[in-house]
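Encoded as structure tokens, the structure appears first; notes follow it.
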Amino acid sequence: MSSAQEKFTRQTITHLHTWTPNLFSFRCTRDAGFRFTAGQFARLGVRKASGAIVWRGYSMVSSPFDEFLEFFSIVVPGGEFTSELSKLEVGDEILIEKQAHGFLTLDRFVDGDNLWLLATGTGLAPFLSMLQDFEIWQRFEQIVLVYSVRSESELAYRDLLDEILSREYVAEYAHKFTFVPVVTREEVPGSLGVRITDLLVSGELEKHVGLPMEAQNSRVLICGNPEMVEDCRMLLQKRDMQLSMTRRPGAVAVENYW
Ligand code: NAP
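Under our numbering, the sequence shown has 113 at position 112, and the numbering climbs by one with no breaks.
Right under this line is the structure:
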């Protein structure tokens, strides 16, 4: 099969960054024809020693305007995909499907004044891409990023967040942004200490930020642990905040991260 007929392109790993023994990020080259909307994911393929290719979806951390692609990954002990992925080195090949996927994008919402981004673990990735896109800053009056991890060392990308806020096209809107780190298995000053679901039930999250989360003005994107995503979705449904569908715009959009 010629490369034009194949569903994927071959890209090269250019950078690796280790956050913790089980958490890393990597950059690779980007095919000039690969287009995506901030919040979407790519299907990545790695070759096993047997020659078989394993595929998984990974949200882009990088912005649609970057010349490279960046991804954020956990190493799942014994995991078929991530154990292969974590062995890759700079210069190695990674396969990327030509088509990007996913509906965790701002165009799910037709209105709303404030935007809540709820992430656990590597589910942070799509929100980093969105925050680098100008649209989010223009569209919303307030943007709250809630990022829940088990331990402080897993709070990745804080430097990138600071750097995004200081970019010329963002700086004048930076006052709109609130970052809420949540560390659930260690006591960390400046971080909330219980799960996002519990913070929603108790109302502590809204109290902490000083902003209500309600159907009329709030829009919520959720990404990460599938149980957290489902439980948050149900809690929001009780507030009359429904999933946004193509034919029935709502207040919530979700993506499971594994
Ligand atoms: P995680 O268990 O998802 O925890 C990350 C944060 O989410 C923690 O603050 C955790 O709180 C919270 N959380 C977990 N379940 C929740 C729920 N039902 N409702 C609300 N909050 C919840 O941890 P992780 O380190 O990101 O990932 C752990 C495991 O997930 C890995 O060992 C791996 O097996 C799997 N994983 C797989 C993939 C994949 O691609 N296959 C990707 C990511 C993760 P607590 O500390 O209270 O639990």
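Don't be surprised by glycine CBs; every beta carbon is placed ideally from N, CA and C.
Quantities reported herein were computed from a predicted structural model and do not represent experimental measurements.
Buried/exposed call for residue i, threshold 16 Cβ in 10 Å
i	result
F110	buried
D134	buried
V230	buried
M214	buried
R31	buried
V181	buried
A172	exposed
S167	exposed
F37	buried
M246	exposed
Cβ-based neighbour list, residue i, same chain, cut-off 6 Å, excluding 5 preceding and 5 following
i	result
V1	Residue 1 is absent from the structure shown; the chain starts at 2 and stops at 259.
L125	Y148
P127	G40, S60, L105 and C224
Alpha-carbon spacing of residue i relative to residue j, whole angstroms
i	j	result
S26	E188	26 Å
S60	L119	15 Å
S203	R220	19 Å
A43	A101	5 Å
W138	R240	26 Å
Y158	S64	14 Å
Q243	F66	31 Å
V184	T106	26 Å
E169	I223	28 Å
L193	L200	9 Å
E71	L129	10 Å
E94	Q12	6 Å
S4	M235	44 Å
Contact set for residue i: own chain, Cβ-Cβ below 8 Å, skip 5 residues either direction
i	result
E85	V47, R48, K49 and V55
S74	L24, F25, S26, F27, Y59, T83, L86, S87 and T123
V91	I14, T15, H16 and L17
Contact set for residue i: own chain, Cβ-Cβ below 7 Å, skip 5 residues either direction
i	result
F9	G46, L96, I97, E98 and K99
E142	D114, N115 and K177
F104	A254
A216	R240, D241, M242 and A252
E207	P213 and M214
Say whether the stretch 76–90 touches the stretch 33–47, bearing in mind that this needs 3 or more beta-carbon pairs closer than 8 Å, one atom from each stretch. yes
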